[in-house]
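Undergrad:
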Amino acid sequence: MRAVVLDAPGRPLTVAERADPVAGDGELLVAVEACAVCRTDLHLRDAEIAAHGLPRILGHQIVGRVAALGPGAGAAGHAVGDRVGVPWLAWACGECRYCRSARENLCPRARFTGRDLDGGFAELTVADARFCLPLPPGPATELAPLLCGGLIGFRALRLAGDGVERLGLYGFGSAAHLICQVARHQGREVSAFVRRGDDAAAALARSLGATWAGPSDEPPPEPLDAAIVFASAGELVPLALRALAPGGTVVCAGIHMTDIPGFPYADLWEERTIRSVANLTRADGAALLDEVRRAPVRSHTTRYPLEGAEQALADLRAGAFVGSAVLEVAADQGSGG
Ligand SMILES: [Zn+2]
Ligand SMILES: [Zn+2]
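Add 31 to the 1-based position in the sequence shown for the working numbering, that's all there is to it.
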């Protein structure tokens, strides 16, 4: 198969021929249709997060067809020909106190797609059948960004608490443009904070229902009940905190962030909270996909061929596109399954 591989930390991804993977016990062999590109892929590529067991195939927002079942994999309910989504959480132990309390996202033994195991920047991949998600209908390239951007954004929105009427999104990229639509369907008001001068991101935010879009260092028209920081710039956290109403929450949704500068205690006073969100559970996946079945979400995508993965990461680093970058690996085989 063709694959795009990270050979060494900080080095450009290379196109390679690899032996076809074989589905092991409980695994599905998945023929990849599309794989979206996440900022985490860029952090792995740039050695800001360590990838394990190099060379490694990145990519953890995979849409594909089940091509074969490994021994025992049928128990998870997927059949050959079904379309599945393979997300970031590849495996959790099922036995630790986190797994036993609906927090498999925090399992200390968890393994992650495209970091600990080979991912979807390839024609084929294998995945634990129990961690693969059934998908709603739609083009593969539109569904793929839901599998991390959408999922992490959705978990962040849930962890922001109930009763959030005014939501701020800091960094209007892949996750934010999806979760803006979910929040609007839920009747929340959305303010979008973009890099000063990023008129394209601000315009996309307004077109998706944001009532205000402006630079991150400007206050929103009204104080926020919650702010989700998707950008990896730590200096946004005190800015977001200052934009909150009393009792509000800042949720940091990225896996990596630069250091957060100090701020006056008065900005945290009145029961404001800063928290992070880490990874996802399978229940988050099911909940988001249910939500999307009821109220469809459109991904705004820029498409690249599989061999264009390094270019997609360069464009993400440079902020050269709005919405989500997606690798189109194979012809879309339709939305059934
Ligand atoms: Zn566990
Ligand atoms: Zn991701």
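By construction, the Cβ of each residue, glycine as well, lies at the ideal position given by its N, Cα and C atoms.
(1) Give the DSSP-derived three-state secondary structure of Thr333 in the structure shown.
(2) Along the beta strand (DSSP E) that carries Cys283, what are the first and last residues, could you check?
(3) Let me know the alpha helix (DSSP H) ranges lying completely inside the stretch 213 to 293, each 4 residues or longer, listed in chain order.
(4) Pull up the DSSP beta-bridge partners for Thr312, would you.
(5) For Arg219, does the count of other Cβ atoms within 10 angstroms reach 16, so buried, or fall short, so exposed?
(6) So, do the stretch 134 to 146 and the stretch 40 to 50 have three or more beta carbon pairs nearer to each other than 8 Å?
(7) Is it buried or exposed, Val53, if we count other Cβ atoms within 10 angstroms and call 16 or more buried?
(8) Just to check, is the beta-carbon of Thr71 closer than 6 Å to a non-hydrogen atom of ligand 2?
(9) Is Val308 near Leu198, with beta carbons less than 7 Å apart?
(10) Helix, strand or coil: how does DSSP classify Asp38 here?
(11) Roughly how many angstroms lie between the CA atoms of Gly368 and Ala171, to the nearest whole one?
(12) Check Glu302 in the structure and name its three-state DSSP category.
(13) Who are the Cβ neighbours of Gln217 in its own chain at under 7 Å, not counting the five residues just before and after it?
(14) Are the CB atoms of Ala175 and Ala65 nearer to each other than 7 Å?
(15) Buried or exposed: where does Ser330 fall if 16 or more other Cβ atoms within 10 Å of its Cβ makes it buried?
(16) Checking 7 Å against the spacing of the C-beta atoms, do Leu178 and Pro251 come in under that value?
(17) Tell me which residue opens and which closes the beta strand (DSSP E) that Asp159 is part of.
(18) Within the same chain, show all residues whose beta-carbon is closer than 6 Å to that of Leu60, passing over the 5 residues directly before and after it, in chain order.
(19) Extract the residue ranges of the beta strand (DSSP E) inside the stretch 127 to 176, only unbroken runs of 3 or more that lie entirely within it.
(20) What is the DSSP secondary structure of Ala318, counted as helix, strand or coil?
(21) Less than 6 Å between the CB of Cys179 and some heavy atom of ligand 2, yes or no?
(22) Once the 5 residues before and after Leu182 are set aside, which same chain residues still bring their CB inside 8 Å of it?
(23) Along the chain, where does the alpha helix (DSSP H) that runs through Glu341 open and close?
(24) Grab the span of the beta strand (DSSP E) containing Arg96 for me, first residue to last.
(25) On the DSSP bridge list, what partners appear for Leu73?
(26) Do Leu166 and Arg114 have their CB atoms nearer than 7 Å?
(27) With distance defined between alpha-carbon atoms, name the residue in His208, Leu255, Glu253 nearest to Ala233.
(28) Take Phe352 and list the residues in its own chain whose beta-carbon comes closer than 6 Å to its own, dropping the five residues that flank it on each side.
(29) Let me make sure I understand the geometry here. Which of Val46, Asp77, Asp363 has the alpha-carbon closest to that of Ala287?
(30) Compute the Euclidean distance between the alpha carbons of Ala264 and Gly105, then round it to the nearest angstrom.
(31) Once you ignore the five residues that flank Asp290 on each side, which residues in its own chain have a CB closer than 7 Å to its CB?
(32) Measure how close the beta-carbons of Leu73 and Arg348 come, nearest whole angstrom, since I'm counting them as under 8 Å.
(33) Please state the DSSP three-state secondary structure of Ala82.
TA: So, from the listed chains and residues:
(1) DSSP places Thr333 in strand when its eight states are reduced to three.
(2) That run of the beta strand (DSSP E) goes 275 to 283.
(3) As for any alpha helix (DSSP H) of minimum length 4 sitting wholly inside the stretch 213 to 293, the runs are 230 to 238, 267 to 273, ordered along the chain.
(4) According to the DSSP secondary-structure assignment, Thr312 is paired through a beta bridge with no residue.
(5) So Arg219 ends up on the buried side.
(6) In this structure the stretch 134 to 146 does not touch the stretch 40 to 50; the number of beta carbon pairs closer than 8 Å is below three.
(7) Around the beta-carbon of Val53, fewer than 16 other beta-carbon atoms lie within 10 Å, marking it exposed.
(8) Under cutoff, so the answer is yes.
(9) Result no, Cβ atoms of Val308 and Leu198 do not sit closer than 7 Å.
(10) When DSSP states are grouped into helix, strand and coil, Asp38 belongs to the coil group.
(11) Residue confidence for Gly368 is low, a pLDDT of 43 falling below 50, so the modelled location carries little weight; the figure read from the coordinates is stated next. Taking the CA atoms as reference points, Gly368 sits about 12 Å from Ala171.
(12) If DSSP states are grouped into helix, strand and coil, Glu302 belongs with coil.
(13) Non-local C-beta neighbours of Gln217 in its own chain, meaning closer than 7 Å and more than five positions away in sequence, are absent.
(14) Taking 7 Å as the cut-off, the beta carbon of Ala175 is found closer than this to the beta carbon of Ala65.
(15) Counting Cβ neighbours within 10 Å, Ser330 comes out buried, since at least 16 surround it.
(16) No.
(17) 155 to 159 is the extent of the beta strand (DSSP E) around Asp159.
(18) Only Ala54, Ala98, Ala99, Val157 meet the Cβ criterion.
(19) The qualifying runs are 155 to 159.
(20) Looking at Ala318 - three-state DSSP - the assignment turns out to be helix.
(21) At least one heavy atom of ligand 2 is nearer than 6 Å to the Cβ of Cys179, so yes.
(22) The answer, listed in chain order, is Pro118, Trp119, Leu311, Asp315, Gly316, Leu319.
(23) That run of the alpha helix (DSSP H) goes 340 to 349.
(24) Counting along the chain, the beta strand (DSSP E) containing Arg96 begins and ends at 93 to 100.
(25) BP columns for Leu73 are empty, so no partner.
(26) A contact, by the Cβ cut-off of 7 Å.
(27) With distances taken between Cα atoms, Ala233 lies closest to His208.
(28) Excluding sequence neighbours, Phe352 sits near Thr333, Asp346.
(29) In the sequence under discussion, the amino acid at residue 287 is His, which differs from the Ala named in the question. The residue among Val46, Asp77, Asp363 with its C-alpha nearest the C-alpha of His287 is Asp77.
(30) For the pair Ala264 and Gly105, the Cα-to-Cα distance works out to about 43 Å.
(31) Residues of the same chain with a CB within less than 7 Å of the CB of Asp290, apart from the 5 flanking positions on each side, are Gly265 in chain order.
(32) That pair is a contact at about 6 Å.
(33) Ala82: coil per DSSP, three-state reduction.
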